[in-house]
Amino acid sequence: MVSQRDTSWMRSREGLGVWKHRGKVAAAGWGVSDMDRRWDGTSLDKTLGAYAVAASKRAIEDAGLKLDDIDGVVTTPDAQVNNTWAPRPFFAPPYNSEDGITNVTPEWLTKQLGLKNIKYTCGSVSGIANGVAECISVAAQAVGDGLCKIALVNYGMGNIEGRYGQSGPNAADEIRGNAVFSNPWGYQAGAAMPYLIVFKQYCRKYGKSVDALAPFAVNQRRNGLMVPWGYYSQHEPYQITVEDYLSSRYVEEPLRVLDADRPVNSSCSFIITTAERARAMKQKPVYILNHCQTRYPTRSTAPTLEESNEATDSLARMMWEGSGLGPKDVDVFNPYDGYLQFTQEFLEAFQWHGVKRGESLDFYADDIRVEGTHPFCPSGGNNGTGRTRYGLFTDSIEQLRGTAGKRQIRLRCETALAGCTVPTSNGFIMFSKHPS
Numbered sequence: 043m044v045s046q047r048d049t050s051w052m053r054s055r056e057g058l059g060v061w062k063h064r065g066k067v068a069a070a071g072w073g074v075s076d077m078d079r080r081w082d083g084t085s086l087d088k089t090l091g092a093y094a095v096a097a098s099k100r101a102i103e104d105a106g107l108k109l110d111d112i113d114g115v116v117t118t119p120d121a122q123v124n125n126t127w128a129p130r131p132f133f134a135p136p137y138n139s140e141d142g143i144t145n146v147t148p149e150w151l152t153k154q155l156g157l158k159n160i161k162y163t164c165g166s167v168s169g170i171a172n173g174v175a176e177c178i179s180v181a182a183q184a185v186g187d188g189l190c191k192i193a194l195v196n197y198g199m200g201n202i203e204g205r206y207g208q209s210g211p212n213a214a215d216e217i218r219g220n221a222v223f224s225n226p227w228g229y230q231a232g233a234a235m236p237y238l239i240v241f242k243q244y245c246r247k248y249g250k251s252v253d254a255l256a257p258f259a260v261n262q263r264r265n266g267l268m269v270p271w272g273y274y275s276q277h278e279p280y281q282i283t284v285e286d287y288l289s290s291r292y293v294e295e296p297l298r299v300l301d302a303d304r305p306v307n308s309s310c311s312f313i314i315t316t317a318e319r320a321r322a323m324k325q326k327p328v329y330i331l332n333h334c335q336t337r338y339p340t341r342s343t344a345p346t347l348e349e350s351n352e353a354t355d356s357l358a359r360m361m362w363e364g365s366g367l368g369p370k371d372v373d374v375f376n377p378y379d380g381y382l383q384f385t386q387e388f389l390e391a392f393q394w395h396g397v398k399r400g401e402s403l404d405f406y407a408d409d410i411r412v413e414g415t416h417p418f419c420p421s422g423g424n425n426g427t428g429r430t431r432y433g434l435f436t437d438s439i440e441q442l443r444g445t446a447g448k449r450q451i452r453l454r455c456e457t458a459l460a461g462c463t464v465p466t467s468n469g470f471i472m473f474s475k476h477p478s
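Heads up: the sequence shown runs through residues 43 to 478, numbered per our numbering.
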């Protein structure tokens, strides 16, 4: 069994050329678990581990495979719950009270599924930051490099009782270092504030109102309500309006509560394999043309608008270089939307449908519905389905398969681009119906 613990798989700088495995690797299956607002802390049938098993079995079934066909497993145990916001442990030592409850290692998933032919595992993909994009990317690289032939990728987002960030450094009597600028004001201050500052810089530079995000928020909820497994479609099946958005409370201005994705407890799995094998499987293969990652250093504790622009511009150049495509070639675009205040960074960097710097908020006011001329983020993103991070990728696969149902875009649908997470630390994947 080989376990990859380094970052040699990454494509995180410009000048690497076309990805050598372009079109030779494909997504062949996916499956999603049930979804709850939180784990109840009691039922082991609702833990992240139980949901990982359910999602993995569904992905394997979707691809038409058997358990013994799987020879690689990739998970992100560090990403699956923010392990800093609730008391630990759940059970007294010597029990391992996390693995299979609030996180899932590849070893745990291998054992629970009874996988017997595993040659490759990776459980060290970047934590919550870019987890799902990098999970798929590391699996695609491993398959392309011949480390395994059929990889099972699992990504879960857990949510347990308690408020974010109420333990660890936040529980200490003193706050040290850069945290003095964020910790006293809670989780959102550290997570969102840097990009809220960037967004206000953006609005000042281009003469825009922060209220202009309203059409985007409304459309994300609309798309999310068309996702059968999404949180809102199952638990709060109503459409919000522009008025609802504008009257929603501020978390920290200009972040409204309807700008932020809602934490949920859920899991998703993908099957990544060679293009040749995928063509013999149950579903239409969705080929991977490139993957790339951003690790953009900033000069201070928060990026400036210029640094954020530079990071996303570089990300776009890496994607075009590695995939051999350009802005006019991308049909489906699912960028990250954990906070709606930074999604325009990706839209403008990748120039989807010709949108350039300073034009996103006007673009949102146009027809961005899935039936319209600019079907932006047809997944509904995290804002419309819950903080899963994986909906951006499942939708991209569904759109190219032609199985997105009511969300199916009406225009050309040959390629899809999806990414996660923030502008200065991100991973993107280019999918295609065709291997070249």
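Every residue gets a Cβ at the ideal spot worked out from N, C-alpha and C, and that includes glycine.
Could you check whether residue j and residue i sit closer than 7 Å to each other, using their CB atoms as the reference points?
i	j	result
V328	F418	no
P236	A344	yes
K324	A105	yes
Y381	A254	no
I282	R304	no
T152	G200	no
L288	A234	no
N159	A94	no
I330	V146	no
G73	S311	yes
G266	T427	yes
R411	C462	no
V284	V260	yes
L434	V372	no
For residue i, which residues in the same chain have their Cβ closer than 6 Å to its Cβ, ignoring the five residues on either side in sequence?
i	result
W504	The first residue shown for the chain is 43 and the last is 478, placing residue 504 beyond what the model contains.
R291	V299
I112	L157, I192 and L194
P465	S350, A353, T354, F384 and E387
L347	V240, Q243 and Y244
A391	T354, D355 and A358
S10	Lying outside 43 to 478, the shown extent of the chain, residue 10 is not represented and no answer is given.
Y338	A353 and T466
G400	Y248
T49	none
R100	G73
P148	V115, T117, T163 and G165
Tell me which same chain residues have a C-beta within less than 8 Å of the C-beta of residue i, skipping the five on either side of it?
i	result
R55	M360
K108	I102
K88	D76, D78, W81, D82 and N307
D215	none
R443	Q325, K326 and V328
Per DSSP, which one or two residues make a beta bridge with residue i?
i	result
C455	None; C455 has no bridge partner.
I471	H333 and A460
C164	V116
I533	Residue 533 is absent from the model: the chain starts at 43 and stops at 478.
Y197	C310
L157	Bridge partners of L157: none, in fact.
L297	E294
P305	R429
D78	N307
Y381	A302
D141	N145
P412	First, the residue type needs correcting, since residue 412 is Val and not Pro in the sequence shown. V412 is not bridged to any residue.
V328	A69
With a CB to CB cut of under 7 Å and the five nearest residues on each side skipped, what residues in its chain are close to residue i?
i	result
G83	I202 and E203
N332	W61, R64, M361, G364, S365 and M472
A70	A105, I313, T315, A320, M323, Q325 and P327
L86	A92
M52	Q335
P226	I217
Specify, as a first and last residue, the run of the alpha helix (DSSP H) that residue i falls within.
i	result
W72	No alpha helix (DSSP H) contains W72, which is instead part of the beta strand (DSSP E) from V67 to V74.
I439	G433 to R443
Y287	V284 to S289
N265	A256 to G266
K99	L90 to A105
R512	Only positions 43 to 478 of the chain appear in the structure, and residue 512 is not among them; the question remains open.
D404	S402 to Y406
Y273	Y273 to H277
E220	In the sequence as presented, Glu is not what sits at residue 220; that position holds Asn. No alpha helix (DSSP H) contains N220, which DSSP labels as neither H nor E.
Q486	In the structure as shown, the chain begins at 43 and stops at 478. Residue 486 is therefore absent and cannot be evaluated.
For residue i, report the span of its beta strand (DSSP E) as first-last.
i	result
T316	S308 to T316
V293	Y292 to E294
F375	V374 to N376
Tell me whether residue i, by its Cβ, gets closer than 6 Å to a heavy atom of the ligand SAM.
i	result
G165	Annotation note on the ligand SAM: not contained in the displayed structure, which lists no ligands.
For the structure I just gave you, are there three or more beta carbon pairs, one from the segment 349 to 358 and one from the segment 307 to 316, closer than 8 Å?
no
Can we say the segment 173 to 183 touches the segment 412 to 427, given the rule of at least three CB pairs closer than 8 Å?
no
Three Cβ pairs or more, each shorter than 8 Å: is that satisfied between the segment 421 to 429 and the segment 369 to 382?
yes
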